[in-house]
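Please read the structure below before turning to the comments.
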Ligand code: PEP
Ligand code: MG
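Numbering (full-length UniProt numbering), first residue to last: 5 to 902.
This is the structure in structure tokens:
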């Protein structure tokens, strides 16, 4: 196996790159694109990439090296030294390298990086000689020791930061840049001493010299330890969490890029920066990003110093040429990759070097705008444009915004780093954000700047607010990726994380933990107090892409809705009908009283009166629904849930009785409550989801389906007479054997015929069933003989196929199953292949029993892009999902068809 791939030029200027952009599974995204940039003639510092597969072999063998791998690395290291005409550790003209992670998918800031590797007590002299800049050289050495100790050896970064602070206090200077070469040289000695004191010699016997741990002087030892650390960082907790969240497989591994160092901190004609070829927040065609003069690598991303906008770069004295070349390269990269690119670069004494490029992360709004613009520019096809937008990302656009009519006072402004508005309590640490979310409280995470350790808190919070860092800072990049609203760089916020408060400069406002705040990531404003939020509409770019998507998709999209408002909303979002109207949702509020009367009374007359009341209410419900969806199908499902869901909790009644007794209430009042309790207890079931619900309810209490069908037919007849075109369909839930369906179908047909005669209209109302039990799926050929349509209830089908209770799935064991990879994902969110097989069987057998049968799905999976691909393959006619998922489903259905 080939484990190492070279990239960049040899000593004669010939390109000796071995990889290319298609090799991201082997070289990682960074390695593959470094190779590609070198291949198309861009200036890339030479280096080599160790493969992702080597990382996995190393990790799977308990962190031991595969045979021969270290020898191969040594060969490539020697080759790099020859290409560069410099050696690692050389006392005259040393080669320095960076060692960086690079997985197949970008995982910003999750894994490790070491810079300036190759410095030691000898090569520092070479670096001084070559640069004639002792201060720069000593600063590089101290940065290397600091980074190596922290990243590779896992020492606490504060040990070193504290030493720097102590030195600054001692020298009476304010900034790191005020420390002299001599100061830095002294710091190097101190850092080495800190290293010796804190590294465990027993764990690293190779570092023990004369009985004491020493900072490694041999560059080969440095290199091997650094590579091992990068490999190890694949499995650090924050990387594991990030992968879980982003659904990235754990067995991909990370590549390691060993690359010649170039320096952005060699004075005023050196710089470093990150940039995008278009605006990643809104998609505008402009150069976008930040740079810092005289700075090294991570300084920009870390948000430690405030940066300047990239557009100004070519106006800076000494950087004009590199700035202009960079803009040309932006064009080259966009035309080559035919996508918006994200770039890291360094300018070393006026010479531009490209350190990374990849398809840039962008907001949903930007993804839409860029896809449409590139199609118009002729760079990509319409199909490609539709493929460029991740369906789940659309969610961002369907995020709340500040209500335009709301009035509020803006207390501070920052950068609009990730769109959408968020309202919640201010919290000042990731841990507090997690705690708030777990307690069911919405929060906004307020930080000076986030770092990868804050990830869990960023996920838990509604939005993120930072006082520092630019639009490419950690908080901004991560928030955009997650679709979380983010306002960053709010300099007026003076955060005291220890006190859990933030003062707003220039005012007497202090935001304390627990105070409600609102942020708008689209405009960058911060408000004290909760602002009313509104949902946005489908317009502009989103509408365009969805219209294009509709040209390609073959799968229909309907919505699950049970009131006219939701029905109208889903119609606005492009739903082609209602795939599931859950009528039990119409029995809440004051209707609950009526149905309780029905359930708890033995007196026939009282029961009939209750049903008559329900009928009146239901006619109105259905009238509203059918009118809202005029001309489009509305599948009304007859009452499904177990009756006890409509009753009071017997526990509470128990408590009430105990209180009455304690208070010495009259015995007949207590007896009455007791009788009620007994009755309610009679409806209790061990596992109600498998009990008296669905069609079973209608078979035991035929008066209920009769009433519902009568209401449906009557509402339909009325609308027809008013000139509308209602298209109701009746759906029988939880069928497992044909006779259940046959019996209820004949009840329905009789009532429909009765209403048609009484109203003097012709009614054509299809009757179908849900397929949500395994027995129904495997005997679908029989069931289809009595069904005009099937709707697969994949929630119940998943529950009954696995034998997992859908109500308890978030509880104990499923999370553990996910952690231990016993399940690849939650089967209630994304359709499981076993359950999908039952759906497929149901569709096939269903067509045997009734060639004209219409098949859809109305479980939660109907709005999940991955599941939609499966349903498209199986050949369903439509998916049905919640209104806000309708746009997502339209796009996913198109992508499945392309
Ligand atoms: C289902 O079971 O998938 C379904 C849509 O019905 P409900 O969720 O109402 O049981
Ligand atoms: Mg169901």
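Just so it is clear, CB atoms sit at the ideal spot from N, CA and C, and this is done for glycine as well.
Proximity below 7 Å, CB of residue i to CB of residue j
i           : j           : result
residue 626 : residue 716 : yes
residue 456 : residue 242 : yes
residue 798 : residue 861 : yes
residue 394 : residue 356 : no
residue 629 : residue 623 : no
residue 724 : residue 765 : yes
residue 398 : residue 892 : yes
residue 299 : residue 257 : no
residue 413 : residue 536 : no
residue 599 : residue 591 : yes
residue 103 : residue 230 : yes
residue 244 : residue 52  : no
residue 221 : residue 124 : yes
residue 872 : residue 898 : no
residue 424 : residue 493 : no
residue 843 : residue 802 : no
residue 556 : residue 634 : no
residue 426 : residue 523 : yes
residue 130 : residue 174 : no
residue 185 : residue 247 : no
residue 793 : residue 772 : yes
residue 24  : residue 39  : yes
residue 146 : residue 188 : yes
Collapsed DSSP secondary structure at residue i in the structure displayed
i           : result
residue 224 : helix
residue 452 : coil
residue 823 : helix
residue 857 : coil
residue 412 : coil
residue 567 : coil
residue 817 : helix
residue 69  : coil
residue 365 : coil
residue 724 : helix
residue 95  : coil
residue 294 : strand
residue 548 : helix
residue 841 : helix
residue 604 : helix
residue 263 : strand
residue 627 : helix
residue 882 : strand
residue 109 : coil
residue 9   : strand
Any non-hydrogen atom of the ligand PEP within 6 Å of residue i CB
i           : result
residue 853 : no
residue 733 : no
residue 56  : no
residue 797 : yes
residue 702 : no
residue 863 : yes
The ligand MG heavy atom lying under 6 Å from the CB of residue i
i           : result
residue 800 : yes
residue 250 : no
residue 776 : yes
residue 578 : no
residue 764 : no
Query - Whole runs of the alpha helix (DSSP H) within the stretch 163 to 243, excluding any shorter than 4 residues - result: 185 to 202, 223 to 237
Requested in this report: Could you name each continuous alpha helix (DSSP H) segment of 4 residues or more that falls completely within the stretch 19 to 46, going from the start of the chain to the end?
Outcome: Whole alpha helix (DSSP H) segments, 4+ residues: 28 to 43.
Requested in this report: Starting from the N-terminal side, write out each stretch of the beta strand (DSSP E) that is 3 residues or longer and does not extend beyond the stretch 479 to 544.
Outcome: With a minimum length of 3 residues, the unbroken runs of beta strand (DSSP E) contained wholly in the stretch 479 to 544 fall at 490 to 492, 497 to 500, 505 to 508, 514 to 516, 520 to 524, 529 to 532.
Requested in this report: Ignoring anything shorter than 4 residues or poking outside the stretch 637 to 672, list the alpha helix (DSSP H) runs there in chain order.
Outcome: 654 to 666
Report task. Mind listing, in chain order, the continuous alpha helix (DSSP H) runs of no fewer than 4 residues lying wholly within the stretch 673 to 753? Result -> The stretch 673 to 753 contains these whole alpha helix (DSSP H) runs: 699 to 704, 707 to 725.
Query raised in the report: What alpha helix (DSSP H) runs, 4 residues minimum, are completely inside the stretch 380 to 432?
Result: 386 to 391, 395 to 398
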